[in-house]
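Participant:
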Amino acid sequence: MMMVILLGIMFVGSSQPMSLVLLLIFVTLSYVLYLYVVMKTFWYSFVIMIVMLSGVLVVFTYMASMSPNEKFIWSGISLMILIVVFLGVLVDGWGYPLSHVSLKLWDGWTMLVVGWLISFLLVVMLMVIWVSEWGDMAARSS
Numbered sequence: 032m033m034m035v036i037l038l039g040i041m042f043v044g045s046s047q048p049m050s051l052v053l054l055l056i057f058v059t060l061s062y063v064l065y066l067y068v069v070m071k072t073f074w075y076s077f078v079i080m081i082v083m084l085s086g087v088l089v090v091f092t093y094m095a096s097m098s099p100n101e102k103f104i105w106s107g108i109s110l111m112i113l114i115v116v117f118l119g120v121l122v123d124g125w126g127y128p129l130s131h132v133s134l135k136l137w138d139g140w141t142m143l144v145v146g147w148l149i150s151f152l153l154v155v156m157l158m159v160i161w162v163s164e165w166g167d168m169a170a171r172s173s
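Under our numbering, read the sequence shown as residues 32 to 173, first letter to last.
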C-alpha cells in the first residue's frame with residue numbers, strides 16, 4: 032500500500048504527460064496486485080485493471096499526443112526514493128503470505144484459459160493497430 036501512495040504522490044507532482052501515463056499504469060498495476068493478494072481472487076482486480084487501463088489511458092494518450100515534446104529529466108532523489116520503495120516491496124512481499132487459492136490460478140486448465148485470453152487480447156490489439164494504419168478509412172478521410 033505504501034507503493035500505491037508514493038506513486039500517487041509522484042503522479043500529482045509530475046507535469047509531463049508521458050510520465051503521467053507511466054505512473055498511472057504503475058499505480059493501477061500495484062493496486063490490482065494488492066487487491067489480488069488481499070481478496071484472494073483475481074476477478075475483481077482484473078475488472079478494475081481493464082477499466083482503468085482501457086478507459087482512462089485513452090484520455091491520457093490523447094492528451095499526450097497534443098502536448099509538445101519536452102526533455103524528460105529524472106531527479107536523482109526521486110529515482111532513489113522509487114528504487115528504495117520498490118526494493119522494500121520486493122523484500123516485504125506485500126506483507127501477506129501467499130495462499131493456496133492464489134496458486135490455483137496457474138494450475139491445470141485455468142492456466143490454459145488465462146494463456147488463451149492473454150494471447151487473444153494480444154492478437155486483437157495487433158489487429159486494431161494494423162487496421163488503424165489503413166489510409167482510406169472513413170475517420171481519416173477529409
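Glycine included, each C-beta is placed from N, C-alpha and C at the ideal position.
What number of angstroms, rounded off, separates the C-alpha of serine 172 from the C-alpha of glutamate 164?
Facilitator: Confidence at serine 172 is low in this model, with a pLDDT of 49, below 50, so its placement is unreliable and the value that follows should be read with caution. Each residue's alpha carbon lies about 13 Å from the other.
Participant: Assuming phenylalanine 91 contacts valine 52 (C-beta within less than 8 Å), just tell me the rounded distance between them.
Facilitator: About 5 Å; that satisfies the 8 Å criterion.
Participant: Counting C-beta neighbours from all protein chains within 10 Å, is the total for methionine 70 16 or more, i.e. buried, or is it exposed?
Facilitator: So methionine 70 ends up on the exposed side.
Participant: When we look at the beta-carbon of valine 63 and count the other beta-carbons within 10 Å, is it buried (16 or more) or exposed?
Facilitator: So valine 63 ends up on the buried side.
Participant: Please classify valine 58 as buried or exposed, where buried requires at least 16 other C-beta atoms within 10 Å of its C-beta.
Facilitator: Label assigned to valine 58: buried.
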